[in-house]
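> Chains as they are written, first to last, in our numbering: chain P, 430 to 693; chain B, 430 to 693.
(1) Taking residue 469 of chain P as the reference, which of P:480, P:677, P:500, P:596 has the closest Cα?
(2) Note the first and the last residue of the continuous alpha helix (DSSP H) segment covering residue 533 of chain P.
(3) So residue 581 of chain P contacts chain B; which residues on that side make the cut at Cβ distance below 8 Å?
(4) Cβ closer than 8 Å: which chain B residues qualify as neighbours of residue 575 of chain P?
(5) Can you say whether residue 611 of chain B is buried or exposed, counting buried as having 16 or more other CB atoms within 10 angstroms of its CB?
(6) Which class does residue 660 of chain B belong to by DSSP, given the choice of helix, strand or coil?
(7) Measuring only the C-alpha atoms, how far is residue 432 of chain P from residue 570 of chain P?
(8) Check whether the Cβ of residue 456 of chain B lies closer than 9 Å to any Cβ atom in chain P.
(9) Candidates B:655, B:586, B:604: which alpha carbon is nearest residue 624 of chain B's?
(10) Verify whether the separation of the beta carbon atoms of residue 561 of chain P and residue 657 of chain P is less than 9 Å.
(11) Got a sec? Which residues, its chain only, sit under 8 Å from residue 486 of chain P by beta carbon, not counting five neighbours each side?
(12) My output table needs one value for residue 577 of chain B: the three-state DSSP class, helix, strand or coil.
(13) Taking residue 683 of chain P as the reference, which of P:463, P:496, P:535 has the closest Cα?
(14) Which residues mark the beginning and the end of the beta strand (DSSP E) in which residue 544 of chain P is found?
(15) Since residue 463 of chain B meets chain P, which of its residues come closer than 7 Å, beta carbon to beta carbon?
(16) Just curious, the beta strand (DSSP E) that residue 632 of chain B is in, first and last residue?
(17) Interface residues of chain P around residue 451 of chain B at Cβ under 8 Å?
(18) Check the Cβ of residue 523 of chain P against every Cβ in chain B and list those closer than 8 Å, keeping chain order.
(19) For residue 578 of chain B, which residues in the same chain have their Cβ closer than 8 Å to its Cβ, ignoring the five residues on either side in sequence?
(20) For residue 538 of chain P, is the classification buried or exposed, using 16 other Cβ atoms within 10 angstroms of its Cβ as the cut-off for buried?
(21) Whole angstroms are fine: how far does the CA of residue 641 of chain P sit from the CA of residue 465 of chain P?
(22) Going by beta-carbon coordinates alone, are residue 573 of chain B and residue 517 of chain P separated by less than 9 Å?
(23) Taking 9 Å as the threshold (beta carbon to beta carbon), is residue 549 of chain B in contact with chain P?
(24) Can you name, in chain order, every residue of its own chain whose Cβ lies under 7 Å from the Cβ of residue 566 of chain P, other than the five neighbours on each side?
(25) Within 10 Å of its beta-carbon, does residue 505 of chain B have 16 or more other beta-carbons around it, so buried, or fewer, so exposed?
(26) Taking C-alpha atoms, which residue in B:528, B:602, B:590 lies nearest to residue 568 of chain P?
(27) Nearest chain P C-beta to residue 497 of chain B closer than 9 Å, yes or no?
(28) What are the residues of the segment 468–484 of chain P that lie near chain B, defined by any Cβ-Cβ distance shorter than 9 Å?
(29) With distances taken between CB atoms, is the gap from residue 601 of chain P to residue 575 of chain B smaller than 9 Å?
(30) Using only CA atoms, which one of B:502, B:580, B:671, B:655 lies nearest to residue 633 of chain B?
(31) Does the beta carbon of residue 504 of chain B come closer than 9 Å to any beta carbon on chain P?
(32) For residue 622 of chain P, which residues in the same chain have their Cβ closer than 8 Å to its Cβ, ignoring the five residues on either side in sequence?
(33) Compare the C-beta of residue 634 of chain B with all C-beta atoms of chain P and state if any pair is closer than 9 Å.
(34) Any C-beta of chain B sitting closer than 9 Å to the C-beta of residue 527 of chain P?
(35) Cα-Cα, which of B:455, B:660, B:524 is closest to residue 481 of chain B?
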C-alpha cells in the first residue's frame, strides 16, 4: 500500500471479514481479500484472509475464475479479473459524472498545472472517481480510493451541502485525526461547514496530508442536490486559495451546468 | 448506448443471458443486466433481462444492495453500486498499468493534442483501461469499453506481439467487419500483423470508425511479454503517421522501460 493510503478496511463498507454466512458474502470475502497493497494472493493465504476452509475457497475461486472476476496466473496466484473492472466502469455514480467531468478536469489541470481530484460521497467516506496530474505531488490518492470525508477538501465541500443526517452519520462514526491538522471535533466540523457554505469553497490545509493543500468546490446534479466535490491539490507552498479558488469554482460551476443541461 | 459502441454481449465474456444455473451465475445475471445504455433498471425489467422469476430476482437484489454492489434509488430503480467501482479499480491488469501510464499519457496528450488510448487484451477483445483527450473527437471509446481486437490500432499492436494461439483464437471467433475498412480475412490480418512487427507500430485507417485514424505501439511488461497497446486517435485528416508515429512509439518505449524498472 502506498504510504498514507486510507484502507477501506478502516472505513464503513467492509464486508468480507470474519466467517461470512451468506453465499454472496462468501464470494465477496474472496474478492475483498485483495487490497491496494495486495494484488496477487495464493490459495493458502486466501483461506487465512477469508476465514474460510480451503475446501470452500478453492471451488469459490474456480467459479470466480470461470466468470472472469478472478484471474489465475501460471504460478497459481489469484488476482482480481478484468471483468470486474468492466463492471465497475459501468457504475453510473462514477461513469456518468466522470465522462462529463473529464474534459472540464483536463482544462482545469492545464490552466493550473496542479493535481485535479473528483470525488463522490459514499456513506461517511469520499471515493475518488477521477484524478489528473499524476506526477504533480506524491500523495496517495488514487481512482477508486476511499478517504474519511471530514479530512479532505472534496469531502468537506460535499458535507457542507449534504443533509444534516449525513453530517450526523460522519460525526457519529468518529472524526479520526488523519493528521495533526484534521478537524477532529463535531463543533469544529460544524463551524467549518458553515464557513464553506458562506464562501462556496473548502480548503484543506494539511488536513489529509501534512504539507499538502487543496481548494475544493461543490458540484450539483440536475436534481440540484450535491453530487460531487472537485478540487485542486498541490504542495502547500504552491496553493494560493485566492488564485486557485476562482479556477476550481469556475470548473465546478461549469460541471454543474453541464450536468443540468444533460439532465444528469 | 453511444453510437458505434461495441456491446460486450456481442463479445466473448457474456455470462448472464438465458437462465443461469449456478448461484454466482444468478448474481452475475443481475449485474450483467446493466450496460452502457442502461444505467437504471426497474425490478420488472430485471426479471425480463435475467430470465429469472421476480421471486428470485427480488431477494438477489436485496442482497446485492446490502453489499453495496447495487444501489436502489427513491423511485425503486436499481443501478450498479459504487462498491463495484472500488473493486474494479483494484484489478491489477488495469490499475498497475494505468497508474504507471497516466503521467506518460498526459505528456503524449499535451504534445500531440489528440486523444490517447491505453488498452489491454482480454480474450479476443481489447478493453480500454485509460483514455485522455475526451473532447477531441466523437468516437465511442470509453474506459472499461470493449472492442474486437483485430479492428483497432491498439488491438492490432497487441496481436502482432501475441502468441500464435491468441491470434488463432481471434481468427476462429470470426473477424467482424466493424466498418467497410476493417481487415476481415485471416490472410489479411496475418499479413497486417507481420507488417506491424516490421515497423514497430500499427495504423488504423477507418477500421474501427470511418473517418477516424489511429497510430498505436506495443507496450511490454517486465517479463518482456506484450502487455498493452498505446495509441493516438483523431480525425483521419489530422493523423499523420510519419509525425505521430515517433511520438506514440517514444511514449510506448518509456512506458515499457518504466514497467521494467519497477518490475511490473
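The beta carbon of each residue, even a glycine, is placed where N, CA and C say it ideally should be.
Concretely, from the data shown:
(1) The residue labelled residue 469 of chain P in the question sits at position 40 within the first chain. Per the Cα distances, P:500.
(2) The residue you call residue 533 of chain P lines up with position 104 of the first chain. 521–541 is the span of the alpha helix (DSSP H), which, as asked, contains residue 533 of chain P.
(3) The sequence position of residue 581 of chain P within the first chain is 152, counting from 1. Chain B residues near residue 581 of chain P: none, gap ~16 Å exceeds 8 Å.
(4) Stepping through the first chain from its first residue, residue 575 of chain P is reached at position 146. By Cβ distance, chain B contributes 515.
(5) As a position in the second chain, residue 611 of chain B is number 182, starting the count at 1. Looking at its Cβ environment, which holds 16 or more other Cβ atoms inside 10 Å, residue 611 of chain B is buried.
(6) Within the second chain, numbered from 1, the residue matching residue 660 of chain B stands at position 231. Looking at residue 660 of chain B - three-state DSSP - the assignment turns out to be strand.
(7) Locating residue 432 of chain P in the first chain gives position 3, counting from the first residue. Locating residue 570 of chain P in the first chain gives position 141, counting from the first residue. With a pLDDT of 37 at residue 432 of chain P, under the threshold of 50, the predicted position of this residue should be treated as unreliable, and no value is reported.
(8) Start at 1 with the first residue of the second chain, and residue 456 of chain B comes out as number 27. Look at residue 456 of chain B: its C-beta is under 9 Å from a C-beta on chain P.
(9) Walking along the second chain from the start, residue 624 of chain B turns up at place 195. When each option's Cα is compared against that of residue 624 of chain B, the closest is B:586.
(10) By one-based count along the first chain, residue 561 of chain P stands at place 132. By one-based count along the first chain, residue 657 of chain P stands at place 228. No; because the gap between Cβ atoms is not below 9 Å, this pair is not in contact.
(11) The residue labelled residue 486 of chain P in the question sits at position 57 within the first chain. 459, 472, 475, 476, 479.
(12) As a working note, residue 577 of chain B is residue 148 in the second chain. Correct three-state label for residue 577 of chain B: strand.
(13) Position 254 of the first chain holds residue 683 of chain P. Selected option, being the one with the closest Cα: P:535.
(14) In the first chain, the residue the question calls residue 544 of chain P occupies position 115. From DSSP, the beta strand (DSSP E) with residue 544 of chain P extends over 544–551.
(15) The residue given as residue 463 of chain B occupies position 34 in the second chain. Going along chain P in sequence order, the residues near residue 463 of chain B (Cβ under 7 Å) are 519.
(16) Along the second chain, one-based indexing puts residue 632 of chain B at 203. Residues 631–634.
(17) Within the second chain, residue 451 of chain B is the residue found at index 22, counting from 1. Here the neighbours are 492.
(18) On the first chain, position 94 is the one that residue 523 of chain P refers to. By Cβ distance, chain B contributes 511, 514.
(19) Position 149 of the second chain, counted from the first residue, corresponds to residue 578 of chain B. Answer for residue 578 of chain B: 550, 553, 554, 555, 584, 585, 587, 588, 599, listed in chain order.
(20) Indexing the first chain from 1 puts residue 538 of chain P at position 109. By the neighbour-count rule (16 or more Cβ atoms within 10 Å), residue 538 of chain P is buried.
(21) For the purposes of this step, residue 465 of chain P is taken as the residue at position 36 of the first chain. For the purposes of this step, residue 641 of chain P is taken as the residue at position 212 of the first chain. Cα to Cα, residue 465 of chain P sits roughly 22 Å from residue 641 of chain P.
(22) As a position in the second chain, residue 573 of chain B is number 144, starting the count at 1. As a position in the first chain, residue 517 of chain P is number 88, starting the count at 1. Yes, the pair counts as a contact, with Cβ atoms nearer than the cut-off.
(23) Start at 1 with the first residue of the second chain, and residue 549 of chain B comes out as number 120. Residue 549 of chain B counts as touching chain P.
(24) Here the question's residue 566 of chain P lines up with position 137 in the first chain. Taken in chain order, the residues that qualify are 544, 641, 662, 663, 664.
(25) The sequence position of residue 505 of chain B within the second chain is 76, counting from 1. Flag for residue 505 of chain B reads exposed.
(26) Position 139 of the first chain, counting from 1, holds the residue named residue 568 of chain P. Of the listed residues, the one whose Cα sits closest to residue 568 of chain P is B:528.
(27) In the second chain, residue 497 of chain B corresponds to position 68, counting from 1. Yes - at least one Cβ of chain P is within 9 Å of the one on residue 497 of chain B.
(28) 468, 469
(29) Residue mapping note: residue 601 of chain P aligns to position 172 of the first chain, counting from 1. Residue mapping note: residue 575 of chain B aligns to position 146 of the second chain, counting from 1. The criterion of a C-beta distance shorter than 9 Å is not satisfied by residue 601 of chain P and residue 575 of chain B.
(30) As a position in the second chain, residue 633 of chain B is number 204, starting the count at 1. Considering only alpha carbons, the answer is B:580.
(31) Taking the second chain and counting its residues from 1, the one referred to as residue 504 of chain B is at position 75. By this cut-off, residue 504 of chain B is not an interface position.
(32) For the purposes of this step, residue 622 of chain P is taken as the residue at position 193 of the first chain. These residues qualify, in order along the chain: 585, 588, 589, 596.
(33) Position 205 of the second chain, counting from 1, holds the residue named residue 634 of chain B. For residue 634 of chain B, the answer is no, since every Cβ of chain P falls outside 9 Å of its Cβ.
(34) As a position in the first chain, residue 527 of chain P is number 98, starting the count at 1. Cβ-Cβ to chain B under 9 Å: yes for residue 527 of chain P.
(35) Looking up residue 481 of chain B in the second chain gives position 52. Comparing Cα positions, the closest option is B:455.
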